[in-house]
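> Residue numbers (my numbering), protein chains in the order written: chain A, 1 to 167; chain B, 1001 to 1167.
Protein chains: 2
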Amino acid sequence: MAENAADRGTTSGGRPTARPDLAAMVVPLGRALMAAEQPVLDAHGLTMWAYTVLLYLDETPVRTQAALAEAIRADKTRIIAVLDDLEARELIRRQPDPEDRRVRLLSLTTEGRRLRDAAQAAIQEGEERLLSRLPAADRAGFLRSLHTLSGLPELTARKPGRGPSRT
Amino acid sequence: MAENAADRGTTSGGRPTARPDLAAMVVPLGRALMAAEQPVLDAHGLTMWAYTVLLYLDETPVRTQAALAEAIRADKTRIIAVLDDLEARELIRRQPDPEDRRVRLLSLTTEGRRLRDAAQAAIQEGEERLLSRLPAADRAGFLRSLHTLSGLPELTARKPGRGPSRT
DNA sequence: TATTGTTATACTCTATAACTATA
DNA sequence: TATAGTTATAGAGTATAACAATA
Chain A
1 MAENAADRGT
11 TSGGRPTARP
21 DLAAMVVPLG
31 RALMAAEQPV
41 LDAHGLTMWA
51 YTVLLYLDET
61 PVRTQAALAE
71 AIRADKTRII
81 AVLDDLEARE
91 LIRRQPDPED
101 RRVRLLSLTT
111 EGRRLRDAAQ
121 AAIQEGEERL
131 LSRLPAADRA
141 GFLRSLHTLS
151 GLPELTARKP
161 GRGPSRT
Chain B
1001 MAENAADRGT
1011 TSGGRPTARP
1021 DLAAMVVPLG
1031 RALMAAEQPV
1041 LDAHGLTMWA
1051 YTVLLYLDET
1061 PVRTQAALAE
1071 AIRADKTRII
1081 AVLDDLEARE
1091 LIRRQPDPED
1101 RRVRLLSLTT
1111 EGRRLRDAAQ
1121 AAIQEGEERL
1131 LSRLPAADRA
1141 GFLRSLHTLS
1151 GLPELTARKP
1161 GRGPSRT
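#1: Taking Cβ-Cβ distances shorter than 7 Å, what residues in chain A pair up with B/G1030?
#2: For the segment 101-116 of chain A against the segment 63-73 of chain A, are there 3 or more C-beta pairs whose distance is under 8 Å?
#3: Which two residues bound the contiguous beta strand (DSSP E) that contains B/V1062?
#4: So, helix, strand or coil for B/P1153, using DSSP?
#5: Quick check: the Cα distance between B/Q1083 and B/E1127, rounded to an integer number of angstroms?
#6: Suppose only complete runs of 4+ residues qualify. What are the alpha helix (DSSP H) ranges in the segment 1058-1127 of chain B, listed by chain order?
#7: Checking contacts by CB at 8 Å: is B/S1132 closer than that to chain A?
#8: On the three-state DSSP scale, how would you describe B/A1006?
#9: Roughly how many angstroms separate the alpha carbons of B/T1123 and B/D1042, rounded to a whole number?
#10: Around the Cβ of B/S1132, are there at least 16 other Cβ atoms within 10 angstroms (buried) or fewer (exposed)?
#11: Counting C-beta neighbours from all protein chains within 10 Å, is the total for A/A74 16 or more, i.e. buried, or is it exposed?
#12: If you measure from the beta carbon of A/E70 to each beta carbon in chain B, is any gap under 8 Å?
#13: Can you tell me whether DSSP reads A/H44 as helix, strand or coil?
#14: Would you please verify whether the beta carbon of B/T1077 is less than 8 Å from any beta carbon of chain A?
#15: Compute the beta-carbon to beta-carbon distance between A/V53 and A/L86, rounded to the nearest angstrom, for a pair I have assumed lies under 8 Å.
#16: Going by C-alpha distance, which of A/V62, A/A36, A/L33, A/A23 is nearest B/Y1051?
#17: Do three or more CB pairs link the segment 140-158 of chain A to the segment 108-117 of chain A at distances below 8 Å?
#18: Can you tell me which of the three DSSP states A/D138 falls into?
#19: Run down chain A in chain order and give the residues with a C-beta less than 9 Å from the C-beta of B/Q1095.
#20: Determine the burial state of A/D58: buried for a count of at least 16 other Cβ atoms within 10 Å of its Cβ, exposed for fewer.
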């Protein structure tokens, strides 16, 4: 999607374009933000998927692994190893539902919540440094626009999606 | 990287967060924008990589394939099939450099330029529809911020990168 | 010997299919 | 028979290594 166009307001040949393609700016920015998260997650012993799970589980238990997978746009088979690890480290609980023993009830442990909060705080601290480079007026519009566009239904249409991995 | 946090200003458990992680909004937005480009590119018979190449080649010839690959953050082996196809369709020229016959000089053909312009016009038309959903004031700040952040050196640090594919 | 482009191979991540256990 | 979870297999996409041509 023509990432490089991001650096140019005009093409290398001088043909004037009103602006680079939106995706050509947004996608590389997203990659950069993920790359910036990586060392923080490493320091907390979390993969991107694990962090995603911790963020989503939050204080509210989730009734099935399939529901969790759907919610975070992952394949249900893809999160199993992640849950195995998080459970082994006692960051989440995975208890069989007494009412339907096929189901595993998922919830955060205190330690899981603590780790998630610590990781998120560190991540957002780094993001603040980036946002501080923006004029205050632009920054507000940027965040509001991100929120708006992220929530647009025509952009949120469900597809499996590659998920958080960023090899 | 916790895409879902994008839909929430607060977590499901009620813990108030100032905002979702930046990456949790930007990355899904980037995926959505790429997905929106896809049908347009299909209609023009272009893959995302091919479009990226056409955008970069522009009117200015590039001296080596390796330089092109580096510029668009692709592996040099990855673009060969793309160049093969574009050349076969006479959208680009790939001529051995008389001064160093190891080198292939790359340039756009007239038809290649025409196709690129048509595709980009259609893509940006679709993007305008999205941007029109934003308040005029926010929109300006959004685009300016995107430009600024995309150009930030600490975010542009070169890494191979997965490139434009979005399976 | 070093470099450009190419081909062949291996690796990573993801999705699909097959299996177990509960219902 | 249908569903939740799991395991095993296969498929994309990418990177690495080996190669041919030219310098």
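Cβ coordinates follow ideal geometry from the N, Cα and C atoms, glycine included.
Concretely, from the data shown:
#1: Scanning chain A for C-beta atoms nearer than 7 Å to the C-beta of B/G1030 yields A23, V26, V27, G30, reported in chain order.
#2: Short answer: they touch.
#3: Secondary structure note for B/V1062: it is in no beta strand (DSSP E), with a DSSP letter that is neither H nor E.
#4: Helix, per DSSP.
#5: Note that residue 1083 of chain B is Leu in the sequence shown here, rather than Gln. When rounded, the distance between both Cα atoms is 27 Å.
#6: Within the segment 1058-1127 of chain B, the runs of alpha helix (DSSP H) at least 4 residues long that lie entirely inside it are, in chain order, 1065-1071, 1080-1088.
#7: No, its Cβ sits nowhere closer than 8 Å to a Cβ of chain A.
#8: For B/A1006, the predicted model reports a pLDDT of 33, less than 50, meaning its position is unreliable; a value from the coordinates is still stated below. B/A1006 carries a helical assignment under DSSP once its states are collapsed to helix, strand and coil.
#9: Residue identity differs from the one stated: residue 1123 of chain B is Ile in this sequence, not Thr. Looking at the backbone, the Cα of B/I1123 and that of B/D1042 are separated by about 12 Å.
#10: Around the beta carbon of B/S1132, fewer than 16 other beta carbons sit within 10 angstroms, so the residue counts as exposed.
#11: Around the beta-carbon of A/A74, 16 or more other beta-carbon atoms lie within 10 Å, marking it buried.
#12: For A/E70, not one C-beta of chain B is nearer than 8 Å to its own C-beta.
#13: In the structure shown, A/H44 sits in coil (DSSP, three-state: anything other than H, G, I, E or B).
#14: Chain A, which has no Cβ nearer than 8 Å to the Cβ of B/T1077, makes this no.
#15: Between A/L86 and A/V53 the Cβ distance is about 6 Å, and since that is below 8 Å, they are a contact.
#16: When C-alpha distances from B/Y1051 are compared across A/V62, A/A36, A/L33, A/A23, the shortest belongs to A/A23.
#17: In short, these stretches do not touch, since the Cβ pair count stays below three.
#18: Helix, per DSSP.
#19: Residues of chain A passing the Cβ test: none, with the nearest at roughly 18 Å.
#20: Result: buried.
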